[in-house]
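>
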Amino acid sequence: MSAGRSVAHERAAPAAPVDAAAPGVGAAALAEADLLLDRADVLATHSASPTGIERVYLSPEHARVHEVVGAWMRDAGLRTWQDPAGNLCGRLEGERDGLPALLLGSHLDTVPGAGRYDGILGVLAAVAVAARVAPGTLPFALELVAFGDEEGTRFGTTLLGSRALAGTWDPAWGALTDRDGVTLADAARAFGLDPARIAGAARAPGSLVGYLEAHIEQGPLLEEAGRALGLVTSIAAARRFELTLTGEARHCATPWHRRRDALTGAAEAVLTVERVARARGCPATVGRIVARPGAVNVIPGVATFSLDLRAPSDAERDATWDVLRAELERVAADRGLVLDVTPTHEAPAVHCAPHLQDALRAGIAAAIGDPNAPELFSVAGHDAMAVAAVTDVAMLFVRCAGGISHHADESVIREDVAATIDALHAAVLALAERAA
Numbered sequence: 039m040s041a042g043r044s045v046a047h048e049r050a051a052p053a054a055p056v057d058a059a060a061p062g063v064g065a066a067a068l069a070e071a072d073l074l075l076d077r078a079d080v081l082a083t084h085s086a087s088p089t090g091i092e093r094v095y096l097s098p099e100h101a102r103v104h105e106v107v108g109a110w111m112r113d114a115g116l117r118t119w120q121d122p123a124g125n126l127c128g129r130l131e132g133e134r135d136g137l138p139a140l141l142l143g144s145h146l147d148t149v150p151g152a153g154r155y156d157g158i159l160g161v162l163a164a165v166a167v168a169a170r171v172a173p174g175t176l177p178f179a180l181e182l183v184a185f186g187d188e189e190g191t192r193f194g195t196t197l198l199g200s201r202a203l204a205g206t207w208d209p210a211w212g213a214l215t216d217r218d219g220v221t222l223a224d225a226a227r228a229f230g231l232d233p234a235r236i237a238g239a240a241r242a243p244g245s246l247v248g249y250l251e252a253h254i255e256q257g258p259l260l261e262e263a264g265r266a267l268g269l270v271t272s273i274a275a276a277r278r279f280e281l282t283l284t285g286e287a288r289h290c291a292t293p294w295h296r297r298r299d300a301l302t303g304a305a306e307a308v309l310t311v312e313r314v315a316r317a318r319g320c321p322a323t324v325g326r327i328v329a330r331p332g333a334v335n336v337i338p339g340v341a342t343f344s345l346d347l348r349a350p351s352d353a354e355r356d357a358t359w360d361v362l363r364a365e366l367e368r369v370a371a372d373r374g375l376v377l378d379v380t381p382t383h384e385a386p387a388v389h390c391a392p393h394l395q396d397a398l399r400a401g402i403a404a405a406i407g408d409p410n411a412p413e414l415f416s417v418a419g420h421d422a423m424a425v426a427a428v429t430d431v432a433m434l435f436v437r438c439a440g441g442i443s444h445h446a447d448e449s450v451i452r453e454d455v456a457a458t459i460d461a462l463h464a465a466v467l468a469l470a471e472r473a474a
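No gaps in the numbering here: position 312 of the sequence shown is 350 in this note's numbering, and each next residue is one more.
Laid out in structure tokens, this is it:
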């Protein structure tokens, strides 16, 4: 174990041991897995926080990991560049120069207090696969992308890097601000980008033959089933909102019947979200709440909170939101408050392409001898859902201990990492055979 290596991936106990001697998961693949895990440890040191991993879009840490991962891409034989949106890209030519590309990748940004595999494992697995491929041998080019923003941590709007690549960049996002009041446009300039050229990161539809992404599951289903890898069938439809309840800030001596307390209204609103969404089977999360003016002896006059709403389909998502909004309006009216709703994000449900799923299914079978890989619906959002606007997509899920993600205890198993590299490589070869 190298100095500074996190032991998270070593202490994880799979529900059922993975057979290291399974087809494709031999000594060479395990050595590649060890290298990937070491590299994940290296990237974990590039953080804005001294107490955990935090790496946001267009930050100094973002720039430093580009230098590191760019060097690894070049070691794998790729030509590298940074696109106008700040995504790190690499390319290996196919049988002739200029062919459309099969795109592999994920993201390098993190949430605050992150683990070291969400996004990062997919980027590093793609690098490992590229290192196995000789130039000029595939009937398409092989490209890698390390997206600069998937989480939306800094500017509040997710999938900025992948939406730029997919051609759905909105120039209005340049006016978004971070917690320090820095606009995205100013952050882009400081990073060495031209905000007016970010939309130039868009790929032409005919330039890509598909996108494959490996990602930790961020859920417990694979571990509970004792399975290392699974196929993603679809990615949830999502909407995000910023909700503000406005009442009246007054001294705490104000009698109960005269109070218009925005924070107690928000508390009821949060429980209403839980009640309604749970009854309808839709994941809904209030992850942030701020009350103002924030003095201990002042009744809050304003409370602002986030809402993240997801569902298997756009129709289910929107129907649940309609019910929620009516209920939140009722809460506000009952308490003498005013409700303001600001949409901050909307993404349709994305279905993975059957032919790419078939390639990943064949890859899993070749890697670990599992011909019937579990099929999973992804509640979590991923870069693939943005890339689907420009090309077909599919995803491979990797077991993670306890389903824990967005947390320092995020953990994977060495044998599963080896199987991921093998399965992704075998999927590339399956697509190459089909194209030929």
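Ideal Cβ positions, reconstructed from N, Cα and C, are used throughout, including at glycine. From a predicted model like this one, the values you see are computed outputs, not experimental measurements.
For Leu-309, count the other beta carbons within 10 Å of its own beta carbon; 16 or more makes it buried, fewer makes it exposed. Which is it?
Its Cβ having fewer than 16 others within 10 Å, Leu-309 is exposed.
> Got a sec, what are the start and stop residues for the alpha helix (DSSP H) Asp-79 sits in?
Element bounds for Asp-79: 65-82.
> Taking 9 Å as the cut-off, decide whether the C-beta atoms of Gly-437 and Ser-344 are in contact.
First, the residue type needs correcting, since residue 437 is Arg and not Gly in the sequence shown. No, Cβ-Cβ distance for Arg-437 and Ser-344 is not below 9 Å.
> Hey, out of Asp-454, Val-466 and Glu-453, whose CA is closest to Ala-432's CA?
It is Val-466 whose Cα lies nearest to the Cα of Ala-432.
> If I measure Cβ to Cβ from Thr-89 and keep anything under 7 Å in the same chain, skipping five residues before and after, which residues do I get?
Answer for Thr-89: no residue qualifies.
> Apart from the five residues on each side of it in sequence, which residues of its chain come closer than 6 Å, Cβ to Cβ, to Ala-307?
Closer than 6 Å at the Cβ level, and outside the excluded window around Ala-307, lie Leu-366 and Val-369.
> Does the pairing of the stretch 142-158 with the stretch 175-189 give three or more beta-carbon distances under 8 Å?
A contact exists between the stretch 142-158 and the stretch 175-189.
> Threshold first: 4 residues or longer. Then list the alpha helix (DSSP H) segments lying entirely within the stretch 341-383, N to C.
Those alpha helix (DSSP H) runs which fall completely within the stretch 341-383 and span 4+ residues are 352-372.
> Is it buried or exposed, Ser-200, if we count other Cβ atoms within 10 angstroms and call 16 or more buried?
Counting Cβ neighbours within 10 Å, Ser-200 comes out buried, since at least 16 surround it.
> What residue does the alpha helix (DSSP H) around Leu-246 start on, and which one ends it?
That residue, Leu-246, is in no alpha helix (DSSP H); its beta strand (DSSP E) goes 246-254.
> Return the Cβ separation of Ala-184 and Leu-146 in integer angstroms, given the expectation that the two are a contact with Cβ distance under 8 Å.
Rounded, the Cβ-Cβ distance is 5 Å, consistent with contact.
> So, under 8 Å CB-CB, Leu-180 and Ala-168 are touching, yes? Tell me the CB distance rounded to an integer number of Å.
Leu-180 to Ala-168, Cβ: 6 Å. Contact.
> With C-beta atoms as the reference, is Leu-231 less than 9 Å away from Leu-96?
Taking 9 Å as the Cβ cut-off, Leu-231 and Leu-96 qualify as a contacting pair.
> May I ask you to list the residues that DSSP assigns as paired with His-420?
Looking at the DSSP assignment, His-420 forms no beta bridge with any residue, so it has no partner.
> Please name the residue or residues paired with Ala-276 in a DSSP beta bridge.
Ala-276 pairs with Arg-348 and Ala-385.
> Let's test the definition: count the other Cβ atoms within 10 Å of the Cβ of His-393 and tell me whether it reaches 16, buried, or not, exposed.
The residue in question, His-393, is exposed, as its Cβ has fewer than 16 Cβ neighbours within 10 Å.
> Would DSSP call Phe-178 helix, strand or coil?
Phe-178: coil per DSSP, three-state reduction.
> Among Ala-317, Ala-152 and Ala-304, which one has its Cα closest to the Cα of Arg-326?
Taking only the C-alpha atoms, the option nearest Arg-326 is Ala-304.
> Taking only the alpha-carbon atoms, compute the straight-line gap between Pro-173 and Leu-126 and give it to the nearest angstrom.
Those two C-alpha atoms are separated by around 20 Å.
> In or out: Trp-359 buried (at least 16 other Cβ within 10 Å) or exposed?
The residue in question, Trp-359, is buried, as its Cβ has 16 or more Cβ neighbours within 10 Å.
> Just tell me which of Ala-387, Asp-430 and Ala-228 has its CA closest to the CA of Asp-352.
Per the Cα distances, Ala-387.
> When DSSP builds the beta bridges, which residues end up paired with Cys-127?
Note: Cys-127 sits in a beta bridge opposite Trp-119 and Val-183.
> If I measure Cβ to Cβ from Glu-280 and keep anything under 7 Å in the same chain, skipping five residues before and after, which residues do I get?
Thr-342, Ser-344, Thr-380 and Thr-382.
> Run through DSSP, which three-state label would Val-220 get?
In this structure, Val-220 counts as coil in the three-state DSSP scheme.
> Going straight from the alpha carbon of Gly-108 to that of Arg-316, what length do you get?
Taking the straight line from one Cα to the other gives about 44 Å.
> Quick one: grab the DSSP three-state call for Ala-468.
Helix, per DSSP.
> Just to confirm before moving on: does the CB-CB distance between Ala-204 and Val-425 stay below 9 Å?
Yes, these two residues count as a Cβ contact at 9 Å.
> Taking DSSP as the reference, what is the three-state secondary structure of Ile-406?
Note: Ile-406 maps to helix in three-state DSSP.
> With a cut-off of 8 Å on the beta carbons, I'd call His-289 and Val-336 a contact; round off their distance for me.
Sure, about 7 Å apart at Cβ, within 8 Å.
> Measuring only the C-alpha atoms, how far is Ser-32 from Trp-119?
Because the chain spans 39 through 474 in this model, residue 32 falls outside it and cannot be assessed.
> When the Cα atoms are used, what is the spatial distance from Pro-258 to Ile-273?
Each residue's alpha carbon lies about 16 Å from the other.
> Out of curiosity, what's the CA-to-CA distance linking Thr-282 and His-253?
Roughly 34 Å between the two C-alpha positions.
> By the 10 Å Cβ neighbour count, where 16 or more other Cβ atoms means buried, how is Ser-447 classified, buried or exposed?
The sequence given here has Asp at residue 447, not Ser. So Asp-447 ends up on the exposed side.
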